[in-house]
Structure formats: C-alpha cells, structure tokens
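Here's the structure we're looking at; comments come further down.
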Amino acid sequence: MQAQDLQQFFRYLETEKRYSPHTLSSYRRDIHAFMAFCDSLKIDTWSTLDQGYIRQHISQLHRQGQSGKSIQRHLSSLRSLFRFLMRQKKTDTNPAQGVMAPKAERKLPEVLNPDQLDQLLSIHSTEPVALRDKAIMELLYGCGLRMAELTGLDLSDIQWQEHSLQVTGKGSKQRKLPLGGAAGRALEAWLKVRGQLADVGESALFVGSRGQRISPASIRQRLKYWALRQGISQNIYPHLMRHSFASHILESSQNLRAVQELLGHANLSTTQIYTHLDFQHLAEVYNAAHPRAKAAKK
Numbered sequence: 000m001q002a003q004d005l006q007q008f009f010r011y012l013e014t015e016k017r018y019s020p021h022t023l024s025s026y027r028r029d030i031h032a033f034m035a036f037c038d039s040l041k042i043d044t045w046s047t048l049d050q051g052y053i054r055q056h057i058s059q060l061h062r063q064g065q066s067g068k069s070i071q072r073h074l075s076s077l078r079s080l081f082r083f084l085m086r087q088k089k090t091d092t093n094p095a096q097g098v099m100a101p102k103a104e105r106k107l108p109e110v111l112n113p114d115q116l117d118q119l120l121s122i123h124s125t126e127p128v129a130l131r132d133k134a135i136m137e138l139l140y141g142c143g144l145r146m147a148e149l150t151g152l153d154l155s156d157i158q159w160q161e162h163s164l165q166v167t168g169k170g171s172k173q174r175k176l177p178l179g180g181a182a183g184r185a186l187e188a189w190l191k192v193r194g195q196l197a198d199v200g201e202s203a204l205f206v207g208s209r210g211q212r213i214s215p216a217s218i219r220q221r222l223k224y225w226a227l228r229q230g231i232s233q234n235i236y237p238h239l240m241r242h243s244f245a246s247h248i249l250e251s252s253q254n255l256r257a258v259q260e261l262l263g264h265a266n267l268s269t270t271q272i273y274t275h276l277d278f279q280h281l282a283e284v285y286n287a288a289h290p291r292a293k294a295a296k297k
C-alpha cells in the first residue's frame, strides 16, 4: 500500500468530488486510523484486505467507544476509498461493502419555539455589528442555512427581483431559496451599513471585524452573545436555527418533500427525523389534552 495511492484519493475527493474542507478532514482522519490498524497487522497490500479485516477494525473502533454514527461515517470513508482503488486497478474487491456498523441512536434535534425566536431576534440596535448579526440570524432561521452555506454567501447571491437566495450546499450543489420578508428587511438594513466594516472589493455578504469574510467561529460566538443579551438560557448555535426552521415549516405544511428541497438534503431519510420531532409535539399535546390519556397516567 503506497502513500501515493492515498494522496491521489484525497486529491480526487477535493478536485472531482469537491468535498468541503470539513468533510475532507473527516475522510483523512478515518483513513489514517485505518492505515494505523493495517500497520499494526503488517498488512502491506490492498488485495490482502477482506471483510474479516474490516470487521476487526470496526470492532476495535466500537470497543474504543466510538458511536454508531461515527462508525457509519468511517465505513463510508472506507467504501469510497476502495471504490477509488478499484477504478485505479489497485484491487479487485471492496471489502468494506456489506459490512454493517452498530445501529446509531438517532437523537431528535433541539429546536427553539417561535416565542424564543421572537425574543432572540428582537434586536433594536442600529450599530453595524448588531445589524449584521440580526441579518445572519434571520437568514439562518428564515432560510434554514448550514453554517458553510451562510459564510459562503456573496453579495451576488441575493436576487432581489425574485426575493430569493442562491446557496451553494454540500458537494457544491446549488439551490435557490425564497427570501422571506423578515430576512429581506434585515439584509437591506445590513447592506446599508456594510461598507463601514467591509474591505473595498470584498465580495462576501457577511464580514468580520477585519473587513473580510466572517468565520464560523465568529458566528458561533455572536449567537451566544445575543442569547445572553436577549435573556435566553438555552444554548444557541447555528444548526439549532436550521433545526427550528425545518421543524416549523414541516409542522405547518406537512410537506416533507418541500422541506427536503429547502434543506438541500440528498436523501429523504435525512429529512424524516423532523417527522419524529413533529410526532413528539403531537404526542405531548395529546397527553396534555385527551381525557383518556390523562386517565392512563393514574
């Protein structure tokens, strides 16, 4: 097994698959852990590896306490690697294909209720930083954006005539999202003062204190700042806004396919977790209101 094979694989993920730096980092971590396992067994050729070795490695990860979700991602990395090696004629089989990970416990996402969101977004300051932060939060909730989608936005991505936003999601896939009234007004207010913070010629929609594209760390910090300032005790983070967006849209529309498109999910199964969240809400209403439900508690 040559280091050159791995270099070519990572280059393929970056240039052809166009994976994000975060995804590439996960792949590198998974593959390097697997290579360390192979080195410990003195395995030096790809063709030596079979399903038995893959299962042994997965069992080792499980004993180390890795979650089912992490192991599923690890297996996905290995399957991608061996598919690439098969195309390169480095091996004839994909030993990771068919190997199952321990079942991952699927936790329901946290959400904010509408009253909490109103409280968070009731920012009346006219300072440029406050206007920027309000526009960021309105877009996170109003459009259900991922962090990378938000930080990657350019000025040219706003289409005012259509009241829409052009977003680049995972795998560089683009989608058009409606720009709601509150988000649009917050954006207009921010753009009037953006020049006070942004460097000349900077294309990024949102900029940090240095006048260049704002970083994810800065956004997380600002959300925590506003949660504290607005008197919200719950931990506020960017993906919580996306979860809240999806849950509220699904609860009102019951249109799972539409929510899938809005979120940019490749698979409907990813979106279906919000149906469980919606059912949990319905169950709470039922238990609180139905006479027979109350009787059953006694």
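Position 162 of the sequence shown, counted from 1, bears residue number 161 in numbering that gives the first Met the number 0, the numbering being contiguous throughout.
Note that beta-carbon positions come from the ideal geometry of N, C-alpha and C, so glycine has one too.
If you're wondering where the values come from, they're calculated on a predicted model, not measured in any experiment.
In this structure, how does DSSP classify His289 when only helix, strand and coil are distinguished? Residue confidence is low: His289 scores 49 on pLDDT, short of 50, so the model does not pin down where it sits. Its coordinate-derived value is still stated next. It is coil, neither helix nor strand.
Pair within 7 Å by beta-carbon distance, Asp302 and Ser76: Nothing about residue 302 can be read from this structure; the chain reaches only from 0 to 297.
Taking 7 Å as the cut-off, decide whether the C-beta atoms of Phe205 and Ile135 are in contact. yes
What does a CB cutoff of less than 6 Å around Met146 pick up in its chain, not counting 5 residues either side in sequence? Pro215 and Pro237
Anyone know if the C-beta pair for Leu154 and Ser243 falls short of 7 Å? no
So the beta strand (DSSP E) Arg174 belongs to, where does it begin and stop? Gln173 to Pro177
Suppose you measure from the CA of Leu40 to the CA of Gln71; what does that come to, to the nearest Å? 23 Å
List the endpoints of the continuous alpha helix (DSSP H) containing Leu164. Taken as a continuous stretch (DSSP letters only), Leu164 belongs to no alpha helix (DSSP H), being part of the beta strand (DSSP E) at Ser163 to Thr167.
Give the DSSP bridge partners of Ile157, in chain order. Leu164
Does the beta-carbon distance from Gln229 to Gln115 come in below 7 Å? no
Between the CA atoms of Ala185 and Trp159 - distance to the nearest angstrom: 13 Å
Drop a sphere of 10 angstroms on the beta-carbon of Arg62, count the other beta-carbons inside from all chains shown, and report buried for 16 or more, exposed for fewer. exposed
What residue range does the alpha helix (DSSP H) around Gln195 cover? Run containing Gln195: none; DSSP gives neither H nor E here.
State the start and end residues of the unbroken alpha helix (DSSP H) segment that holds Gly67. Gly67 to Arg86
Applying the 10 Å Cβ sphere with the 16-neighbour rule, what's the burial state of Leu144? buried
Ignore the nearest five residues each way along the sequence and tell me which others in Arg219's own chain have a CB closer than 7 Å to its CB. Tyr236 and Pro237
Using 10 angstroms around the beta-carbon of Gly170, count the other beta-carbons present and answer buried if the total reaches 16, otherwise exposed. exposed
Within 10 angstroms of the Cβ of Ala95, are there 16 or more other Cβ atoms? Answer buried if so, exposed if not. buried
What are the boundary residues of the alpha helix (DSSP H) that Met146 is part of? Met146 to Thr150
Pick from Tyr26, Arg27, Phe81 and Gly64: whose alpha carbon is nearest that of Ile53? Phe81
With H, G and I counted as helix, E and B as strand and the rest as coil, what does DSSP make of Arg212? strand
Measure the beta-carbon distance from Asp329 to Trp225 and round it to whole angstroms, keeping in mind my assumption that it falls under 8 Å. An answer regarding residue 329 cannot be provided, because it is not within the stretch 0 to 297 covered by the chain.
C-beta atoms of Leu139 and Ser163 nearer than 7 Å: no
DSSP beta-bridge partners of Ala203: Asp153
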